[in-house]
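The structure under discussion appears below in the form of structure tokens.
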Amino acid sequence: MIASQAVRLVSASPFHGGTSAAGKARRAFDGGTSAAGKARRSRRAVSAIPAGRVAVRRAVRASSWDLRIFGAAIAAIVFCFALALVYVSQTTALSVAGYDVQQLAAQRDELRRQNSLLEVQSARLDSPARIATDAQRLGMVRARYVPVIPAQPLIAKR
Amino acid sequence: MQTVRPRRLRLLFALFAVASLVLAGRLAYWQTFGRAELLARAQDQVRSDLVVAAHRGVIRDRNGAILATTVELRSLYALPKLIPDKDRAAAALGVLLGRDPGPIRAALDSGAEWLYVQRWLPEATANAIAALKIPGLGFQNEPKRLYPNDAIGASVLGFVNDNGVGVTGIEGYYDAQLRGTDGRLVVERDPANRDLAVGLREAVAPRNGVDLTLSIDLVAQTAAERELAAAMKKERATSGSVLVVDPTDGSIRALASAPTYDPAAVRVADPEALRDRAIAWPYEPGSTMKAVTIAAALNEKVVKPTDQYNDVGYAIVGGRRLNNALGKAYGPTTVTQILERSLNAGAAWVGQKLGAQRLSEYFSRFGFGKPTGVDLAGEVSGTVRPLAEWYPVDVGTASFGQGVSVSPLQLAMAYAAIANGGTLYRPYVVASRRDADGEHRTAPVAVSQVVTPDTAATLRGMLLGTVDEGIAHNAAIPGFSVAGKTGTAQIAGPDGSYVDDQYVSSFAGFFPADDPQYVVLVVLEKPDSKLLGTVTATDAFKGIAQDILRYARIQPDRKP
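Going down the list, the protein sequences come from chains A and B. Just add 3 to wherever you are in the first sequence, counting from 1, and you've got our numbering. Just add 74 to wherever you are in the second sequence, counting from 1, and you've got our numbering.
Here it is as structure tokens:
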């Protein structure tokens, strides 16, 4: 029980396990990762290393897995958070763009409306009846007879 | 120390357990069976289901001038509870709207939460009201049909009621095409009532109405309405109509009917004014029908233009005496002179030579007694009784246009057939339709060949003589050949007998006579001048013809 607590304390230490320099040094002290080294370690474990230290090492290995899982969970949470952040920011940007689109559509509709009104006004001003009325108001009178000169005699003269 | 009895604890536990079960059950219900309802309620709070109105099509004349269009105008509404000083608001609105402030104030006090103060405001008025910045007043855009030429062309255009439904004329006949199909937009909205780009969005785009280009020429239409209004005023006539038709394809260039109305103010219009008399008014045509009778006789080679009869001032047909207009006798008279002098006895003589059966057949061939098929709402067919119902005298009276009724359009198309070499066309007003698929032009439809080209040419010459040397000399235009015929007909009363001293005066003609490009018909009902009403009708014809000749740049075909 005390040993496992000690191991947990050790595992919490930054100098333990993983890819740190201390870890590398310890791996080098333990005989590296080669097959010969493994054989030596096993022989030493059987012959020279006391049972308590073996238990500590097993605990260290187990604690390394805990750390990895913990790290992976943290990473997953951070990733999900980032993803959510991206989603929210994109949705917000889309909503803002949607409001902009609406505003532009409203502007377009208003311009179209104004254009239609101008077209109607133009048609009103072009109306022959209005022109005749305005001409009358200005004192003009309709010509009773408008002579039309045939084009052929004029062309012949030329 | 006092302790709680275990029994009470159990009871309390049981109560909590039951309450938890009930809540859990309720929760389970809302999450399963009641889920849809709950979801619908939640969506209803944010969802908006809108009808996206289709844009009603534009109507233009043959040169592209706008005759009718739909524009979104601002309507003024009020939320009376939000208006701080209703008296001041009503007074200010009264000035700007040109209305008595009293009714506006009463409307604001009516207890309504929301009400229209005035719909479809002119832009200037709306801007002036907006500048007041009165709390509780707002604007809402609403589509409104506008007619830039006011009452010009009202008869042919028809109008659109407040519900956006076309009622008469082109607006009525082509209502379904002009209206288009409304779209739909289902969208979620935020508390500020703005569409959300993210979320529910179902849209069905509206299909806008088709744009129509008419065969109507605004200049010819204006001239027709002006001359008709002048003639109506001069003669104090009950009603009148003018038609200008292109005889080469049957297209209608102008159609005027009086009394008329302003399509923008239909509510105040006389109901009688809404009737398009050019197509919906059957009348006895009188002497203008003589041209049809003689065309039939010439085509059947029953008579020649030079054939003579002795005019004694009347003809006895079926035991009845049919008099000339003033009972005057002309002695030896040619068929051409029958038209030049407009002799009833002569027309009856020709009719008798032709016979009732052939006369009836030719009336049918020329399109009388059945609708022309024009693309306008409310056309009448007129009345030509079946041959079996003809009395012996009818062959005489029908020869000079009594006892049969026609619409002005039917008569104009008959004259168009004479003008174009004998082809009767189906009249039309819409020259082309433009929709999403492109432009669709109306093809002229030749109904039948009613007389041979030779007969038509002969009759054109005779009608030219009627203007140059005959009764219609008033229609002559210096520099141009004009052919035509006057018509004066008695008016039948409700009991079938003719009313004394009431007539329908008309003139039907075409120009240039050698190569007719326009047919013009003027009809006046009950002119003050009685029998001389034809003079006014002829003057109106001349006024219209002169305007068209100048506008269409038709070269003179005679020395002035």
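Glycine included, each C-beta is placed from N, C-alpha and C at the ideal position.
Integer-rounded CB distance, given that B/ASP256 should sit under 8 Å from B/PRO217: Between B/ASP256 and B/PRO217 the Cβ distance is about 11 Å, and since that is not below 8 Å, they are no contact.
Stretch-stretch touch, CB-based, cutoff 8 Å, three pairs: the stretch 367-375 of chain B with the stretch 433-440 of chain B: yes
Three-pair Cβ contact test at 8 Å for the stretch 402-416 of chain B versus the stretch 566-583 of chain B: no
Which of helix, strand or coil DSSP assigns to B/HIS514: strand
Neighbour list for B/GLY553 in chain A, Cβ cutoff strictly below 8 Å: PRO150, VAL151, PRO153
CB of B/LEU147 within 8 Å of CB of B/TRP194, strictly: yes
Listed by chain order, chain B residues near A/GLN105 by CB distance under 7 Å: ARG268, ASP269
Residue-level contact to chain B via CB, A/VAL57, 8 Å cutoff: no
Per DSSP, cross-strand counterpart(s) of B/ASN267: DSSP lists no partner for B/ASN267.
For B/LYS559, three-class secondary structure by DSSP: strand
Any C-beta of chain D under 8 Å from that of A/LEU86: In the structure shown, chain D does not exist; the protein chains are A and B.
Chain-ordered chain A contacts of B/PRO222 [CB-CB under 7 Å]: VAL123, ALA126, ARG127, SER130
A/GLN112 burial status per 10 Å Cβ neighbour count (16 or more: buried): Residue identity differs from the one stated: residue 112 of chain A is Asp in this sequence, not Gln. Result: exposed.
Alpha-carbon spacing of B/GLY108 relative to B/LEU101, whole angstroms: 9 Å
Where B/GLY617 falls: helix, strand or coil (DSSP): helix
Whole-number beta carbon distance between B/VAL480 and B/GLY456, since they are thought to touch under 8 Å: 4 Å
Rounded distance between the beta-carbons of B/PRO501 and B/VAL597, thought under 8 Å: That pair is no contact at about 16 Å.
Under 7 Å from the C-beta of A/LEU97: neighbouring residues of chain B: ALA271, VAL272
Given 8 Å, three or more beta-carbon pairs between the stretch 165-177 of chain B and the stretch 111-119 of chain B: no
Every unbroken beta strand (DSSP E) inside the stretch 344-425 of chain B [3 residues or more]: 382-385, 388-391, 394-397, 405-408
Simplified DSSP state of B/GLN523, which is helix, strand or coil: strand
Reduced DSSP category for B/TRP194 - H, G, I as helix; E, B as strand; rest coil: strand
Local Cβ density within 10 Å of A/PRO150, reported as buried at 16 or more and exposed below that: exposed
Cross-strand partners of B/GLN564 (DSSP beta bridge): B/TYR577
Contacts that A/ALA100 makes with chain B (C-beta to C-beta distance below 7 Å): ALA271
Proximal chain B residues relative to A/ARG116, where beta-carbon distance stays under 8 Å: VAL145, GLU146, ASN215
Which listed residue (B/GLY392, B/ASP269, B/ARG84) has its alpha carbon closest to that of B/LEU124: B/ASP269
CB contact check: A/SER92 to chain B, cutoff 8 Å: no
Inter-residue spacing [alpha-carbon to alpha-carbon] between A/SER67 and A/LEU86: 28 Å
Residue burial classification, B/HIS514 (beta-carbon count within 10 angstroms, cutoff 16): exposed
Chain B within 8 Å of A/SER66, Cβ atoms only: no
Beta-carbon proximity check, B/LEU247 vs B/LEU141, cutoff 8 Å: According to the sequence as given, residue 247 of chain B is Tyr; it is not Leu. Cβ atoms of B/TYR247 and B/LEU141: not closer than 8 Å.
Test: B/LEU124 CB closer than 8 Å to a CB of chain A: no
Within-8 Å CB hit, B/ARG624 to chain A: yes
Members of the stretch 196-213 of chain B that neighbour chain A once the beta carbon cut-off is set at 7 Å: GLU197
Min CB distance B/VAL293 to chain A below 8 Å: yes
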